[in-house]
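Working notes, beginning with the structure itself.
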Amino acid sequence: MAFYRSMGLLPRQRHTALRTPEGGVFYEELMGEEGFSSDSSLLYHRGLPSAISDARAWELGTSLDTIPNHPLLPRHLKLHDLFTEDVSRVDAVTGRRLVLGNGDVRISYVVAGAVSPWYRNGIGDECVYVERGHGRVETVFGAFDVAEGDYVIIPRATTHRWIPLVAGDEGYSEPLRAYAIEGNSHIAPPKRYLSRYGQLLEHAPYCERDLRGPQGPLLAEDIGADANSPTEVYVKHRGNGPGSSGGIVGTIYTYPYHPLDVVGWDGCLYPYVFNVADFMPITGKVHQPPPVHQVFEGTNFVVCNFVPRKVDYHPQSIPVPYYHSNVDSDEIMFYVDGDYEARKGSGIGKGSISLHPGGHAHGPQPGAYEKSIGVTEFDELAVMVDTFRPMELGEAARAVDDGKYAWSWVGGR
Numbered sequence: 015m016a017f018y019r020s021m022g023l024l025p026r027q028r029h030t031a032l033r034t035p036e037g038g039v040f041y042e043e044l045m046g047e048e049g050f051s052s053d054s055s056l057l058y059h060r061g062l063p064s065a066i067s068d069a070r071a072w073e074l075g076t077s078l079d080t081i082p083n084h085p086l087l088p089r090h091l092k093l094h095d096l097f098t099e100d101v102s103r104v105d106a107v108t109g110r111r112l113v114l115g116n117g118d119v120r121i122s123y124v125v126a127g128a129v130s131p132w133y134r135n136g137i138g139d140e141c142v143y144v145e146r147g148h149g150r151v152e153t154v155f156g157a158f159d160v161a162e163g164d165y166v167i168i169p170r171a172t173t174h175r176w177i178p179l180v181a182g183d184e185g186y187s188e189p190l191r192a193y194a195i196e197g198n199s200h201i202a203p204p205k206r207y208l209s210r211y212g213q214l215l216e217h218a219p220y221c222e223r224d225l226r227g228p229q230g231p232l233l234a235e236d237i238g239a240d241a242n243s244p245t246e247v248y249v250k251h252r253g254n255g256p257g258s259s260g261g262i263v264g265t266i267y268t269y270p271y272h273p274l275d276v277v278g279w280d281g282c283l284y285p286y287v288f289n290v291a292d293f294m295p296i297t298g299k300v301h302q303p304p305p306v307h308q309v310f311e312g313t314n315f316v317v318c319n320f321v322p323r324k325v326d327y328h329p330q331s332i333p334v335p336y337y338h339s340n341v342d343s344d345e346i347m348f349y350v351d352g353d354y355e356a357r358k359g360s361g362i363g364k365g366s367i368s369l370h371p372g373g374h375a376h377g378p379q380p381g382a383y384e385k386s387i388g389v390t391e392f393d394e395l396a397v398m399v400d401t402f403r404p405m406e407l408g409e410a411a412r413a414v415d416d417g418k419y420a421w422s423w424v425g426g427r
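The structure is reproduced here in structure tokens:
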């Protein structure tokens with residue numbers, strides 16, 4: 015999305031020398047997408063951004079392995095059953111547990127109480143939804159304070175770390191709960207929301223004013239004695255062979271200095287935050303289809319959110335979704351808050367995921383269809399991912415599948 019920002023020290027013109035106070039030069043790095051043919055930013059480093067002093071394998075083991083959803087079943091996954099022990103040593107990067115995945119996107123869940131290592135996803139962009147708790151995300155572009163309802167969009171190859179604010183931190187009482195959507199592509203606002211020059215249009219359910227960019231000062235101004243300390247960065251990237259998991263491997267780089275040594279940057283590529291409370295729902299006289307709830311998209315998947323809203327105003331409208339067959343996609347709904355009308359009686363509640371796979375017709379639970387007539391508003395909050403290739407089950411899904419959701423339309427078996 016071509017929305018220009020800048021921070022810190024910059025030369026007057028790009029690709030010209032930016033001098034240090036001592037007369038040396040800062041080192042310019044172009045961080046860009048699609049070769050040199052899409053959005054980019056220029057970052058100015060104190061040290062050489064390519065200098066590494068060591069590298070070793072980050073052992074992912076089988077943590078990203080998946081199995082097919084076969085026999086083909088709709089499923090109810092109870093995410094809040096995943097982290098029931100002490101999470102004070104769990105961090106928001108290495109502690110993620112894979113719920114669902116395919117060759118385009120992976121969905122993980124984590125409850126974190128520890129500071130993560132410095133981290134870089136070299137495979138694709140990340141969209142991390144903060145379900146509960148508070149934290150801080152520090153990046154080479156600046157930092158964010160994040161809290162409940164925030165989507166954190168982190169471009170591929172952005173060095174960053176997560177710092178939960180938990181019990182013992184003033185004013186906070188619960189760990190950080192995060193729902194991580196990792197693409198094998200870029201994640202951005204839907205193209206239909208954007209002008210040909212990249213501005214969010216009037217019919218879009220949010221605009222640039224709703225996006226929070228990284229805040230200064232840049233960490234290069236605040237790392238002090240750590241500036242020349244060797245620092246590890248965990249990198250997730252494509253690969254096969256020993257230690258690979260689902261075509262993904264990890265490497266831990268050691269840099270001879272702190273990697274957040276950027277003194278200035280400008281451009282149109284950077285992390286940002288959007289809070290779900292700022293989403294303006296699109297409603298109609300009768301039930302509106304899922305594309306009106308879309309918030310982001312990646313290659314072969316979309317991200318939607320269902321927020322509290324007034325619903326259909328035709329006197330005979332049926333506000334809950336009509337029964338539908340996802341002939342081209344799997345539908346993954348994460349139930350965050352509220353009272354989800356269509357799923358009443360299924361056992362689904364806060365912290366649940368429903369997986370409705372392509373090839374299976376699904377819709378409201380028995381009785382919900384008729385009872386919704388005359389309802390004028392919904393109090394619900396959910397994040398939905400629709401994928402255009404089948405999702406497979408990760409280890410976390412297999413651990414918390416309720417085993418009975420598929421039969422909920424006939425009252426169990």
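If you want the numbering used here, it's the position in the sequence shown, counting the first as 1, plus 14. Even glycine gets a Cβ: it sits at the ideal position worked out from N, Cα and C.
Residue i to residue j span [Cα, whole Å]
i: GLY156; j: GLU47; result: 20 angstroms
i: VAL124; j: MET405; result: 19 angstroms
i: VAL397; j: LEU215; result: 23 angstroms
i: TYR58; j: ARG26; result: 13 angstroms
i: SER209; j: TYR248; result: 37 angstroms
i: HIS301; j: SER52; result: 37 angstroms
i: LEU233; j: MET21; result: 12 angstroms
i: LEU407; j: ILE201; result: 22 angstroms
i: ASP353; j: ARG60; result: 51 angstroms
i: THR30; j: TYR41; result: 10 angstroms
i: SER331; j: ASP416; result: 33 angstroms
i: VAL101; j: PRO178; result: 11 angstroms
i: PRO85; j: VAL389; result: 36 angstroms
i: SER130; j: ALA291; result: 27 angstroms
i: LYS299; j: HIS328; result: 5 angstroms
i: GLY264; j: LYS250; result: 5 angstroms
i: ARG111; j: TRP72; result: 16 angstroms
i: GLY253; j: PRO231; result: 36 angstroms
i: VAL424; j: PRO380; result: 8 angstroms
i: SER360; j: PRO304; result: 21 angstroms
i: ALA218; j: TYR207; result: 5 angstroms
i: VAL119; j: ASP79; result: 13 angstroms
i: PRO82; j: GLY37; result: 59 angstroms
i: ARG223; j: PRO204; result: 17 angstroms
i: ASP240; j: PRO273; result: 10 angstroms
i: VAL334; j: TYR383; result: 6 angstroms
i: GLN213; j: THR108; result: 36 angstroms
i: VAL39; j: LEU32; result: 6 angstroms
Residues near residue i in its chain [Cβ-Cβ closer than 8 angstroms; skip 5 each side]
i: VAL160; result: VAL144, HIS148, GLY149, ARG150, VAL151, VAL166 and VAL287
i: ASP280; result: TYR18, ARG19, SER20, MET21, LEU24, SER55 and LEU56
i: LEU96; result: ARG111, TYR123, VAL125, ALA410, ALA413 and VAL414
i: THR245; result: TRP132, THR268, TYR269, TYR271, HIS272 and PRO273
i: ALA69; result: THR265, ILE266, TYR267 and THR268
Cβ-based neighbour list, residue i, same chain, cut-off 6 angstroms, excluding 5 preceding and 5 following
i: SER199; result: GLY138, GLY312 and THR313
i: VAL142; result: VAL166, ALA192 and ALA194
i: ASP400; result: VAL316, SER343 and GLU345
i: ASN289; result: GLY163 and ASP164
i: ASP105; result: ALA126, ALA128 and SER130
i: GLY278; result: GLY22, LEU23, LEU24 and TYR58
i: GLY103; result: Per the sequence shown, residue 103 should be read as Arg rather than Gly. The answer, listed in chain order, is ALA128.
Extent of the continuous beta strand (DSSP E) run through residue i
i: GLY37; result: Neither: GLY37 is in no beta strand (DSSP E) and is coded neither H nor E.
i: ASP344; result: 344–352
i: THR108; result: Counting along the chain, THR108 falls outside any beta strand (DSSP E), and DSSP gives it neither H nor E.
i: GLY363; result: It is not in any beta strand (DSSP E) - GLY363 carries neither H nor E in the DSSP assignment.
i: ILE332; result: Here ILE332 belongs to no beta strand (DSSP E), and DSSP marks it neither H nor E.
i: PRO178; result: 174–179
i: VAL166; result: 164–168
i: GLN308; result: 308–312
i: ILE201; result: Premise fails: ILE201 is in no beta strand (DSSP E) and is neither H nor E.
i: ALA157; result: 156–161
i: GLU152; result: 148–153
i: PHE315; result: 315–320
i: SER20; result: 19–22
i: TYR58; result: 54–59
Chain-order list of residues whose beta-carbon lies under 7 angstroms from that of residue i (same chain, five-residue window excluded)
i: ALA65; result: TYR269 and PRO270
i: ARG226; result: PHE158, TYR286 and VAL287
i: GLY426; result: LYS418
Residue i CB to nearest heavy atom of the ligand FAD below 7 angstroms
i: PRO333; result: The ligand FAD is not among the ligands present in this structure, which contains no ligands whatsoever.
Problem - Whole alpha helix (DSSP H) elements within the region 369–426, 4-residue minimum - result: 382–385 and 409–414
Practice task
Could you tell me which uninterrupted alpha helix (DSSP H) segments, each at least 4 residues in length, are contained entirely in the region 246–298, listed from first to last along the chain?
Solution key: none
Exercise for the section: With a floor of 4 residues, list each alpha helix (DSSP H) that falls wholly inside the region 61–146, ordered by position along the chain. Expected result: none
Handout entry: Meets three-Cβ-pair contact criterion under 8 angstroms: the region 188–196 and the region 119–134
Key = yes
Exercise for the section: Would you check if there are 3 or more beta carbon pairs closer than 8 angstroms linking the region 338–346 to the region 361–372? Expected result: yes
Practice task
List in chain order: all unbroken beta strand (DSSP E) runs of 3+ residues lying wholly within the region 218–242.
Solution key: none
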